[in-house]
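Each remark here refers to the structure printed beneath this line.
2 protein chains.
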Amino acid sequence: MTAIAYLGPSGTYAEAAALKYQALYPHLHPESKTSPILCPYPSIPKAIQAAALKEVDLAIVPVENSIQGGVTMTLDSLWQWHQLQIQQALVLPIEHALITQAKTLADIKVVYSHPQALAQCQHWLEEFVPQAQLVPTDSTTEGLEVVSTDSTLAAIASQRAAEMYKLPTLACPINDHPDNCTRFWVLGLTPPTTKGSHTSLAFSAQRNLPGALVKPLSVFADLGINLSRIESRPTKRSLGDYVFFIDIEASVEQPFVQEALQDLVPLTETLRIFGSYSIAD
Amino acid sequence: MTAIAYLGPSGTYAEAAALKYQALYPHLHPESKTSPILCPYPSIPKAIQAAALKEVDLAIVPVENSIQGGVTMTLDSLWQWHQLQIQQALVLPIEHALITQAKTLADIKVVYSHPQALAQCQHWLEEFVPQAQLVPTDSTTEGLEVVSTDSTLAAIASQRAAEMYKLPTLACPINDHPDNCTRFWVLGLTPPTTKGSHTSLAFSAQRNLPGALVKPLSVFADLGINLSRIESRPTKRSLGDYVFFIDIEASVEQPFVQEALQDLVPLTETLRIFGSYSIAD
Chain E
1 MTAIAYLGPS GTYAEAAALK YQALYPHLHP ESKTSPILCP YPSIPKAIQA
51 AALKEVDLAI VPVENSIQGG VTMTLDSLWQ WHQLQIQQAL VLPIEHALIT
101 QAKTLADIKV VYSHPQALAQ CQHWLEEFVP QAQLVPTDST TEGLEVVSTD
151 STLAAIASQR AAEMYKLPTL ACPINDHPDN CTRFWVLGLT PPTTKGSHTS
201 LAFSAQRNLP GALVKPLSVF ADLGINLSRI ESRPTKRSLG DYVFFIDIEA
251 SVEQPFVQEA LQDLVPLTET LRIFGSYSIA D
Chain X
282 MTAIAYLGPS GTYAEAAALK YQALYPHLHP ESKTSPILCP YPSIPKAIQA
332 AALKEVDLAI VPVENSIQGG VTMTLDSLWQ WHQLQIQQAL VLPIEHALIT
382 QAKTLADIKV VYSHPQALAQ CQHWLEEFVP QAQLVPTDST TEGLEVVSTD
432 STLAAIASQR AAEMYKLPTL ACPINDHPDN CTRFWVLGLT PPTTKGSHTS
482 LAFSAQRNLP GALVKPLSVF ADLGINLSRI ESRPTKRSLG DYVFFIDIEA
532 SVEQPFVQEA LQDLVPLTET LRIFGSYSIA D
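In order, the protein sequence lines correspond to chains E and X. Take the first sequence: its position 173, counted from the start at 1, is 173 in this note's numbering, and no numbers get skipped. Take the second sequence: its position 149, counted from the start at 1, is 430 in this note's numbering, and no numbers get skipped.
Take a look at the structure:
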């Protein structure tokens, strides 16, 4: 039986992504006879560590949101547990609901949610509930437990979470940008995958040389390979010293990608390849 | 009188940076006859907006931490209020203290701090106070008020904050990485500055072309200009559409930088130059 770690508790967007992957699993793995089981973990680094240490087979974690940008904990943990390979990418649309027993917006005194969800609704909150105090929580569902006890409280979570907690939704969607979605990665210790539309890698650059970043990037451009994303993270050694995470629109099995990866070795300090994978929308 | 916005309340690292800049001000501006006054603001975007709308003369805001990486709110707000220019950069060492009335670490049940400070001490906390619940707050000093009421509570903040609140420090430093520092920018509406060791700019790339990012970066490499930093942020239009923030190690007044900036125009969609400035350590 395949076990999949995700950031719990029940009702989070991460669980919605895990459920979506669970539903896709039989199509992606027709040889498998059982449906995977989902295992909630208290944080993203712990879910990733569980997959790296074989407590579970896979971890599904958010990588990037279209409004908030990269999920730095996921990138930092993957750099640390670099034996993990990306099995699949998944894009989930995010729609935030205001969940409360209040009858009108004017009755709401406090709004609870995860800091990212509060940030994604900040203009809506300023316009429609300017009187409310905004209180950050560890997950989008944490606030729902208190909402049931007091009708002056509200939480921001998904419509699905509201239904799970049997609580009413007063407004939905309330996210400031309608085109809000989050990309997830499914990580596991299986051998490097070479098929798929995208490949992810990361490298630390050779320091303080003009072109230390440009030369590695030029390798891809010279071969006509499109970069779909670049994100820098500190190496934590000193200010100004970075790891670059790069997604390219090509598979490792293509000969010109093999050539590019060979050319990268002398231009980088440490180079890590996280495999090729497809994206499920 | 020069008024400077910063992220309050009193006792935060942002205030320490503002005080450092206040002390430097007479040396940087010998023509000025009065010392600048400091004005606390409730968030980074509000401090930046105050400078852009001339409520204050300057805003001092964190840009990047050596462990946690870029401060996305600062980059997103600067892209929005792009008439602002960087006047000065400032690097502040960060040393976190565990502030509590508890006599031993084993007595501590809850640790309060800003999520970034909790993250920067996570290994120390797991090792020395594994029993404690970690509670995020809006600023590093917010937890200090409750710490004075109950000896089972602790807060993570600076030694300076402990002294301001007349509270004892049980352990210091407790940050996981000794070389922890934060870079700040001083922003203002003064005419573009052209002198200094560094120049910052940002651009949105022409979409989905191989080399859309490499070509602008090559402009600098070809002229031997070192990039000291690159950070991508979502444009918030759709997933996969980015703004790139770049710091170069050269001044706008140098002719080859002028040449590079001219060459960039046809290679980018929107290009914004935030001026040249020096870095105070």
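Note that the Cβ used here is the ideal one computed from N, Cα and C, for glycine as well.
Cutoff 7 Å; reference residue i; Cβ partners in own chain excluding five residues on either side
i, result
"aspartate 357 of chain X", "Arg514"
"leucine 477 of chain X", "Checking the sequence shown, residue 477 of chain X turns out to be glycine, not leucine. These residues qualify, in order along the chain: Ser532, Ser557, Tyr558, Ser559."
"tryptophan 81 of chain E", "Ile48, Gln49, Ala52"
"proline 326 of chain X", "Met354, Ser358"
Straight-line Cα distance separating residue j from residue i
i, j, result
"glutamine 535 of chain X", "tyrosine 294 of chain X", "34 Å"
"valine 337 of chain X", "histidine 308 of chain X", "21 Å"
"tyrosine 322 of chain X", "threonine 152 of chain E", "27 Å"
"proline 130 of chain E", "cysteine 121 of chain E", "12 Å"
"valine 428 of chain X", "proline 136 of chain E", "20 Å"
"histidine 310 of chain X", "arginine 441 of chain X", "27 Å"
"serine 10 of chain E", "leucine 520 of chain X", "26 Å"
"histidine 404 of chain X", "lysine 236 of chain E", "14 Å"
"valine 111 of chain E", "isoleucine 174 of chain E", "13 Å"
"leucine 264 of chain E", "leucine 508 of chain X", "19 Å"
"alanine 162 of chain E", "threonine 353 of chain X", "30 Å"
"serine 66 of chain E", "tyrosine 25 of chain E", "25 Å"
"threonine 474 of chain X", "leucine 339 of chain X", "14 Å"
"glycine 351 of chain X", "glutamate 31 of chain E", "44 Å"
"glutamine 280 of chain X", "proline 497 of chain X", "Given that chain X is displayed from residue 282 to residue 562, the structure contains no residue 280 of chain X and the question cannot be resolved."
"alanine 561 of chain X", "histidine 377 of chain X", "22 Å"
"threonine 74 of chain E", "valine 524 of chain X", "21 Å"
"glutamine 85 of chain E", "alanine 23 of chain E", "21 Å"
"proline 472 of chain X", "lysine 390 of chain X", "52 Å"
"lysine 166 of chain E", "cysteine 172 of chain E", "16 Å"
is_contact[residue i, chain E] using C-beta, thresh 7 Å
i, result
"threonine 353 of chain X", "yes"
"alanine 341 of chain X", "Before going further, note that residue 341 of chain X is isoleucine rather than alanine in the sequence given. False, the Cβ-Cβ gap to chain E never drops below 7 Å."
"glycine 289 of chain X", "no"
"glycine 424 of chain X", "no"
"lysine 517 of chain X", "yes"
"serine 499 of chain X", "yes"
"cysteine 402 of chain X", "no"
"leucine 520 of chain X", "yes"
"cysteine 462 of chain X", "yes"
Close-in-space but distant-in-sequence residues of the same chain around residue i (CB under 6 Å, 5 per side omitted)
i, result
"leucine 170 of chain E", "Leu98, Thr100"
"threonine 421 of chain X", "Thr293, Ser394, His395, Ala398, Ala438"
"isoleucine 273 of chain E", "Leu201"
"cysteine 565 of chain X", "Nothing about residue 565 of chain X can be read from this structure; chain X reaches only from 282 to 562."
"leucine 213 of chain E", "Ala205"
"leucine 504 of chain X", "Phe537, Ala541"
"glutamine 88 of chain E", "Val186, Tyr277"
"phenylalanine 526 of chain X", "Leu356, Ala483, Glu512"
Cβ neighbours of residue i in the same chain (closer than 8 Å, five flanking residues each side left out)
i, result
"alanine 17 of chain E", "Tyr6, Ile60, Pro62, Leu90, Leu92, Thr182, Phe184"
"methionine 282 of chain X", "Thr315, Pro317, Ile318"
"lysine 335 of chain X", "Leu470"
"glutamine 364 of chain X", "Ala333, Leu470"
"glutamine 68 of chain E", "Gln116, Ala119, Gln120"
"proline 168 of chain E", "Ile99, Thr100, Gln101, Ala162"
Secondary structure of residue i, DSSP reduced to three states
i, result
"threonine 199 of chain E", "strand"
"leucine 187 of chain E", "strand"
"glutamine 364 of chain X", "coil"
"arginine 237 of chain E", "coil"
"tyrosine 306 of chain X", "helix"
"leucine 319 of chain X", "strand"
"aspartate 247 of chain E", "strand"
"leucine 508 of chain X", "strand"
"leucine 545 of chain X", "helix"
"alanine 383 of chain X", "coil"
"glutamine 88 of chain E", "strand"
"valine 129 of chain E", "coil"
"tyrosine 393 of chain X", "strand"
Contact with chain X by residue i, beta-carbon distance below 7 Å
i, result
"histidine 198 of chain E", "no"
"alanine 221 of chain E", "yes"
"glutamate 231 of chain E", "yes"
"glycine 69 of chain E", "yes"
"histidine 177 of chain E", "yes"
"proline 136 of chain E", "yes"
"threonine 214 of chain E", "In the sequence under discussion, the amino acid at residue 214 of chain E is valine, which differs from the threonine named in the question. Yes, contact with chain X."
"serine 66 of chain E", "yes"
"serine 228 of chain E", "yes"
Inter-residue CB distance, residue i and residue j (contact presumed, cutoff 8 Å)
i, j, result
"alanine 260 of chain E", "phenylalanine 203 of chain E", "That belief does not hold up - the Cβ atoms of alanine 260 of chain E and phenylalanine 203 of chain E are roughly 12 Å apart, past 8 Å."
"alanine 435 of chain X", "threonine 480 of chain X", "Going by Cβ atoms, the distance from alanine 435 of chain X to threonine 480 of chain X rounds to 43 Å, so no, they are not a contact pair."
"valine 467 of chain X", "isoleucine 506 of chain X", "Contact flag wrong, Cβ pair sits at about 23 Å."
"leucine 125 of chain E", "leucine 134 of chain E", "7 Å"
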